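In what follows, a single structure is set out as structure tokens and then discussed.
Number of protein chains: 2
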Amino acid sequence: MMIEQIKSPADLKGLTVTEMEQLAAEIRQLLIAKLSKHGGHCGPNLGMVEATIALHFVFNSPVDKLVFDVSHQSYAHKMLTGRVEAFLSEEHYDDVSGYTEPSESAHDHFIIGHTSTAVSLAGGLAKGRDLRGESGNVIAVVGDGSLSGGEALEGLDWAAELGSNFIIVVNDNQMSIAENHGGLYANLAELRRTKGASECNLFRAMGLDYVYVDRGNDIASLIEAFSRVKDIDHPIVVHINTLKGMGYAPAVSDKERWHWTMPFDAATGQPLAQEVETYNELTARHLLQRMKADKSICAITAGTPGTWGWTPERRAEAGRQYVDVGIAEEHAVALASGIAKAGGKPVFGVASSFVQRAYDQVSQDLCINDNPATLLVLWGSLMSLNDVTHLCHFDIPLLCNIPNLVYLAPTNREEYLAMLDWSIDYREHPVAIRVPVVPIAAAEYPVDTDYSELHHYQVVKRGSEVAVLALGNFFQMGASVVRLLQAHGVDATLINPRFISGVDADLLHELAADHSVVVTLEDGVLDGGFGEKIARFYGPTAVKTLCYGARKQFVDRYSRSEFLAANRLVDTMIADDIFDLMMRDIY
Amino acid sequence: MMIEQIKSPADLKGLTVTEMEQLAAEIRQLLIAKLSKHGGHCGPNLGMVEATIALHFVFNSPVDKLVFDVSHQSYAHKMLTGRVEAFLSEEHYDDVSGYTEPSESAHDHFIIGHTSTAVSLAGGLAKGRDLRGESGNVIAVVGDGSLSGGEALEGLDWAAELGSNFIIVVNDNQMSIAENHGGLYANLAELRRTKGASECNLFRAMGLDYVYVDRGNDIASLIEAFSRVKDIDHPIVVHINTLKGMGYAPAVSDKERWHWTMPFDAATGQPLAQEVETYNELTARHLLQRMKADKSICAITAGTPGTWGWTPERRAEAGRQYVDVGIAEEHAVALASGIAKAGGKPVFGVASSFVQRAYDQVSQDLCINDNPATLLVLWGSLMSLNDVTHLCHFDIPLLCNIPNLVYLAPTNREEYLAMLDWSIDYREHPVAIRVPVVPIAAAEYPVDTDYSELHHYQVVKRGSEVAVLALGNFFQMGASVVRLLQAHGVDATLINPRFISGVDADLLHELAADHSVVVTLEDGVLDGGFGEKIARFYGPTAVKTLCYGARKQFVDRYSRSEFLAANRLVDTMIADDIFDLMMRDIY
Chain A
1 MMIEQIKSPA
11 DLKGLTVTEM
21 EQLAAEIRQL
31 LIAKLSKHGG
41 HCGPNLGMVE
51 ATIALHFVFN
61 SPVDKLVFDV
71 SHQSYAHKML
81 TGRVEAFLSE
91 EHYDDVSGYT
101 EPSESAHDHF
111 IIGHTSTAVS
121 LAGGLAKGRD
131 LRGESGNVIA
141 VVGDGSLSGG
151 EALEGLDWAA
161 ELGSNFIIVV
171 NDNQMSIAEN
181 HGGLYANLAE
191 LRRTKGASEC
201 NLFRAMGLDY
211 VYVDRGNDIA
221 SLIEAFSRVK
231 DIDHPIVVHI
241 NTLKGMGYAP
251 AVSDKERWHW
261 TMPFDAATGQ
271 PLAQEVETYN
281 ELTARHLLQR
291 MKADKSICAI
301 TAGTPGTWGW
311 TPERRAEAGR
321 QYVDVGIAEE
331 HAVALASGIA
341 KAGGKPVFGV
351 ASSFVQRAYD
361 QVSQDLCIND
371 NPATLLVLWG
381 SLMSLNDVTH
391 LCHFDIPLLC
401 NIPNLVYLAP
411 TNREEYLAML
421 DWSIDYREHP
431 VAIRVPVVPI
441 AAAEYPVDTD
451 YSELHHYQVV
461 KRGSEVAVLA
471 LGNFFQMGAS
481 VVRLLQAHGV
491 DATLINPRFI
501 SGVDADLLHE
511 LAADHSVVVT
521 LEDGVLDGGF
531 GEKIARFYGP
541 TAVKTLCYGA
551 RKQFVDRYSR
561 SEFLAANRLV
571 DTMIADDIFD
581 LMMRDIY
Chain B
588 MMIEQIKSPA
598 DLKGLTVTEM
608 EQLAAEIRQL
618 LIAKLSKHGG
628 HCGPNLGMVE
638 ATIALHFVFN
648 SPVDKLVFDV
658 SHQSYAHKML
668 TGRVEAFLSE
678 EHYDDVSGYT
688 EPSESAHDHF
698 IIGHTSTAVS
708 LAGGLAKGRD
718 LRGESGNVIA
728 VVGDGSLSGG
738 EALEGLDWAA
748 ELGSNFIIVV
758 NDNQMSIAEN
768 HGGLYANLAE
778 LRRTKGASEC
788 NLFRAMGLDY
798 VYVDRGNDIA
808 SLIEAFSRVK
818 DIDHPIVVHI
828 NTLKGMGYAP
838 AVSDKERWHW
848 TMPFDAATGQ
858 PLAQEVETYN
868 ELTARHLLQR
878 MKADKSICAI
888 TAGTPGTWGW
898 TPERRAEAGR
908 QYVDVGIAEE
918 HAVALASGIA
928 KAGGKPVFGV
938 ASSFVQRAYD
948 QVSQDLCIND
958 NPATLLVLWG
968 SLMSLNDVTH
978 LCHFDIPLLC
988 NIPNLVYLAP
998 TNREEYLAML
1008 DWSIDYREHP
1018 VAIRVPVVPI
1028 AAAEYPVDTD
1038 YSELHHYQVV
1048 KRGSEVAVLA
1058 LGNFFQMGAS
1068 VVRLLQAHGV
1078 DATLINPRFI
1088 SGVDADLLHE
1098 LAADHSVVVT
1108 LEDGVLDGGF
1118 GEKIARFYGP
1128 TAVKTLCYGA
1138 RKQFVDRYSR
1148 SEFLAANRLV
1158 DTMIADDIFD
1168 LMMRDIY
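Residue numbers (the working numbering), protein chains in the order written: chain A, 1 to 587; chain B, 588 to 1174.
Right, here's the structure in full:
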């Protein structure tokens, strides 16, 4: 294959357009082959093949710097910058990450996984270049729904002031993960319709120069446009009209399903694994049922309906009680606060990794105002997403230290639905619920479904000497620790704290009477989290505390079982530690 | 005065335009009288007097709902909604807050102090109204520089999809706190120049309907425009051209200085109190000096240059090494990351309360990429800003739990400048420095200015039995506690931890040999902060810990001394607690 000869972008420079078109076909073939076996971002990469080739043909990376937004659209870029092996042979598939990664290549400048960041990051490269008196083009590649994010809009607004070379390629594939939402996409449509000639132009209104490329999957057109803006002396937007999923029929016909895919049969597009129902799926089903009886309930997503069961069918059924704000988490939280203030019952579902984008809105717009909205935090766990940019390890410290917010950690199906129902109707405070990531399970003990007395923990089994406070996803691990202790003659207490955001001082005081060790387990980073509150509480007392969770670090594509073991998050290890500590006390 | 007769907006309805103009003059008189004695937001309120009168004349608050962005421009609104007493007599000045406050009046719907939130919050009221099948106008009043904030742009983009009544009044006073920055302001200028006729229109590009009011301080024009959009069936922007500081000559001629003011002589505009030099002021002076020798240093502000000494003169001197991105904290952090990646040395100064707006950018754009930018966190303290929307209590838990970020807490002048110099040139990790809020003081002991060994605390005085870890602004309180203990025969250890973001495990282990009590002091909320890490560290040991800081709560306009006492943040109280704990151990 020709692609095997491309060791660096320099090897592209001598190719004809026809040869590059052949190269594009090969890249697509490799993309589909790898994605069908490995899974990954499909539609965004298929749509960007020609533009990536043209960028590397025209510009001189890494002197000229390409920054890909979200960077899940950088697979072709990886193939053209010395990393094709990771797409050619299955044993090398995991040699590269699914995002740009400076440790892999000098052609990658940032680790980027969250959307809407590239204009600002690349803008920094351009400003740094100017400060140091250097030269070269800086190119940000944005789009695929990320323009609606506040950071992208802040970046576009600022870019006009840079006053030097800066090229912003807007990959307009008419999609976000789901369909696009927001008024600006109507302007993009108008620009497509008028072939860029419309006087009303978002980018020009932001103070930026602008060119339009109608055939965004045509290499010759792209080369012509990129050549025209190369070495330009001011910021400019190059708006390219591409087709998400280009070259793979199933991905073109159902763009949302094919944004990111699990392994599939390349011939038919059928997924290889059967999907099992999760708590996320259960959520949309339950909410839809509640919505029919209560028209003031409103589900809100920030461009990621599929992550919590909002299929196109369910969305249609929910009608105006379903709101997709596009990728705009800040707006989503403030909107929910406003709806709650007006007497509505908003439920905003958002991944742990993405709720980070709205800390200030949770604190200021929602919690200072104490409006009773519900946040559902999805995937919050050490065991869910394991790309460094998508870690869901930090939501506990992020949310549990904000005043007024009640943060709940359900441990089983009955408890989750009871908390969700309670939260929807509760009018006193905003409530966040950490939706379980473990397989759906029924309760193994009578669940206390009264949450009105805040920060009241449930004692599942009353023992003595050792108490285990096992939060959310780690409740089962805690129960297992208690069984191990039991097997060695220690009749430990097992507690489901239920509330992440506060300490049950009465219970903790009571435990101190006949417990010498209190153990906490939480499925997230330890620093700033739940266990430390318990450690502080018992700090001045004779009760000893052991806190389990992950140490503070960024980790990438880790083995979940190895990661848990490295943090001693294994029932036998924890039981050993407890015995060690008890022995130390005795001798 | 006529204003004394206005008990509610209903009392406006019978007035003629001439009478309302008289009312505007009275409101200005009261504003200047109160501001000159009390301080507060000056320019924004003076510019909005006519628009506020016209809004209340045309609309029927609180059935029609007015939401003021930032809400520091709501003083005239307060006077017209039953709260004029708080502007008439000095003893009532503090009866109302400087922001909208639902607990004061049914005409206020949210507590708002951060910028760029009103479109989203008001959008929520509109959506809630629609869900519940209610009616009435919802009006968001935005502007005064807040359009550049990502949340505002996300909100505008979304608003187009609401499809029902929603009126967005853009108060275009051509200013942020300092001059406006960002390309969109050029579009606003173009719209003013063309009296709203320009085809290129940011708001239309966001999918919104639009009208322009050229004479934004003319009551008749405003009434005409607001009447036209009242009860409209879709979202619309009303762009009004106002004059910041209108009616008070000093505030018109120096808009930045008069955005917010301390008490002043109303006749001359001269401030009543002499300004003392702070660490903030020291920062710009020091940076400017360093910049002259190193052209790769770049100071970044998000629309608040004055808060850290960037006077117009210093800005001019810094030239392109000074960047004001406008109110856009997310962009500022990502920009800093990019500049650092390109080899520049960016320093972003941002208030503790506002760094909250960029948590995800600090985590993803900066810390995952581990780029060596410097963040200066201003005002981080329980003793600085005391409006609930501007609390600077939360930056420690927010930042100290993010991997890779080195967070430093200097305690004196020499240490602060040494940390700043070190951070500027350090290339390993991003560094945040909590700029002291206490009066500038020289070191009272030899300062260890080597920070290369991360998370290495400085032992200032080695004793035994009790160790006091006194962080940043509370170092002096810790020293005082140690002196009180000394006076009672306890030779305690005094430690300046210097690093907020990590634990000096070697030192803590060593202390355990001859200390039974370890005390932590931090000038922020306790939950998720520094002390809890120490408590967790000693959890499994015999060492007892006492953590001092503020309990997790939102507080508003509190007495600083009472607040500290309520949290036992008083040297004598802490010493008492320590003695109590030591006694308990003995008996």
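Beta carbons: idealized from backbone N, C-alpha and C, even for Gly.
For clarity, every value in this text was computed on a predicted model and none was experimentally measured.
Worksheet item: Rounded C-beta distance between Gly-524(A) and Gly-380(A)? I'm assuming under 8 Å.
Response: In this structure Gly-524(A) touches Gly-380(A) by the C-beta definition: roughly 7 Å separates them, less than 8 Å.
Worksheet item: Which partner residues does Met-2(A) have in the DSSP bridge list?
Response: Paired residues: none, contrary to the question.
Worksheet item: Which of the three DSSP states, helix, strand or coil, is assigned to Asn-991(B)?
Response: coil
Discussion item. Going by C-alpha to C-alpha distance, which of Glu-678(B), Gln-592(B), Lys-831(B) and Glu-672(B) sits closest to Val-636(B)?
Written reply: Lys-831(B)
Practice prompt. Check whether the Cβ atoms of Ser-940(B) and Cys-987(B) lie closer than 8 Å to each other.
Written response: no
Fill in: Integer-rounded CB distance, given that Gly-1136(B) should sit under 8 Å from Glu-1109(B)
4 Å
Fill in: Three-state class that DSSP yields for Trp-845(B) in the structure shown
coil
Worksheet entry | Residue-chain proximity (Ser-707(B), chain A), Cβ-Cβ < 8 Å | yes
Worksheet item: Any contact of the region 183-191 of chain A with the region 770-780 of chain B, i.e. 3+ C-beta pairs under 8 Å?
Response: The region 183-191 of chain A, when compared against the region 770-780 of chain B, does not touch it at the 8 Å Cβ threshold.
Fill in: Candidates Ser-883(B), His-873(B) and His-918(B), of which the one nearest Gly-896(B) by Cα
If we check each option's Cα against that of Gly-896(B), His-873(B) comes out closest.
Discussion item. Quick check: the Cα distance between Gly-936(B) and Thr-961(B), rounded to an integer number of angstroms?
Written reply: 8 Å
Worksheet item: If we ignore side chains and look at the alpha-carbon of each, how far apart do Asn-804(B) and Ala-838(B) end up?
Response: 15 Å
Worksheet item: I think Gly-183(A) touches Leu-795(B), with their Cβ atoms under 8 Å apart; what is that distance to the nearest whole Å?
Response: 6 Å
Worksheet item: Looking at chain A, which residues of the region 946-979 of chain B have a Cβ within less than 8 Å of any of its Cβ atoms?
Response: Within the region 946-979 of chain B, Tyr-946, Asp-947, Gln-948, Ser-950, Gln-951, Asp-952, Cys-954, Ile-955, Asn-956, Val-975 and Thr-976 place their CB atoms closer than 8 Å to a CB of chain A, listed in sequence order.
Worksheet item: What residues from chain A crowd round Lys-1131(B), counting only those whose CB sits closer than 9 Å?
Response: Gly-539, Pro-540, Thr-541 and Ala-542
Discussion item. I want to verify the contact list: residues of chain A whose CB lies under 7 Å from the CB of Lys-1139(B), in sequence order.
Written reply: Chain A residues near Lys-1139(B): Asn-401 and Pro-403.
Discussion item. On the criterion of 16 or more Cβ atoms from any shown chain inside 10 Å, does Leu-272(A) qualify as buried, or is it exposed?
Written reply: exposed
Worksheet item: Where does Met-20(A) sit, in a helix, a strand or coil, going by DSSP?
Response: Residue state, collapsed to three classes: helix.
Item to complete: Could you check if Tyr-359(A) is buried or exposed, using at least 16 other CB atoms within 10 Å of its CB as the buried criterion?
Response: buried
Fill in: Top-ranked residue by Cα proximity to Val-238(A), from Glu-161(A), Glu-224(A) and Tyr-248(A)
Measuring from the Cα of Val-238(A), the nearest candidate turns out to be Glu-224(A).
Worksheet item: With which residues is Cys-392(A) paired in a DSSP beta bridge?
Response: Ser-381(A)
Worksheet entry | Asn-752(B): contacting residues in chain A (beta-carbon distance under 8 Å) | Within chain A, no residue comes near Asn-752(B); the closest Cβ sits about 13 Å away, beyond 8 Å.
Fill in: Which listed residue (Phe-579(A), Gly-155(A), Ile-168(A) and Ser-146(A)) has its alpha carbon closest to that of Met-175(A)
Ser-146(A)
Discussion item. Quick check on Gly-630(B): buried or exposed, where buried means 16 or more other Cβ atoms within 10 Å of its Cβ?
Written reply: buried
Worksheet item: Of the residues that make up the region 143-160 of chain A, which ones have a beta carbon closer than 9 Å to any beta carbon in chain C?
Response: Included in the structure are the protein chains A and B, with no chain C among them.
Worksheet item: How is Pro-959(B) classed by DSSP in three states: helix, strand or coil?
Response: coil
Worksheet entry | Element boundaries [alpha helix (DSSP H), containing Asn-1083(B)] | Here Asn-1083(B) belongs to no alpha helix (DSSP H); instead the beta strand (DSSP E) covers 1080-1083.
Worksheet entry | Between the CA atoms of Ala-1099(B) and Leu-1056(B) - distance to the nearest angstrom | 14 Å
Practice prompt. Could you tell me whether any Cβ in chain A is nearer than 8 Å to the Cβ of Arg-716(B)?
Written response: The Cβ of Arg-716(B) sits closer than 8 Å to at least one Cβ of chain A.
Worksheet entry | Whole-angstrom distance between Pro-649(B) and Ser-676(B), CA atom to CA atom | Going by the C-alpha atoms only, they are around 26 Å apart.
Practice prompt. Pick out whichever of Val-964(B), Ile-989(B) and Gly-913(B) has its Cα sitting closest to the Cα of Gln-356(A).
Written response: When only C-alpha atoms are compared, the closest one is Ile-989(B).
Worksheet item: Which class does Arg-434(A) belong to by DSSP, given the choice of helix, strand or coil?
Response: strand
Discussion item. Tell me the residue span of the alpha helix (DSSP H) that contains Gly-737(B).
Written reply: 737-746
Discussion item. Taking 8 Å as the threshold (beta carbon to beta carbon), is Thr-301(A) in contact with chain B?
Written reply: no
Worksheet item: What in chain A is Cβ-close to Arg-907(B), meaning under 8 Å?
Response: Near Arg-907(B) (Cβ distances below 8 Å), the residues of chain A are Asp-130 and Leu-131.
Worksheet item: Nearest chain A C-beta to Ile-926(B) closer than 8 Å, yes or no?
Response: yes
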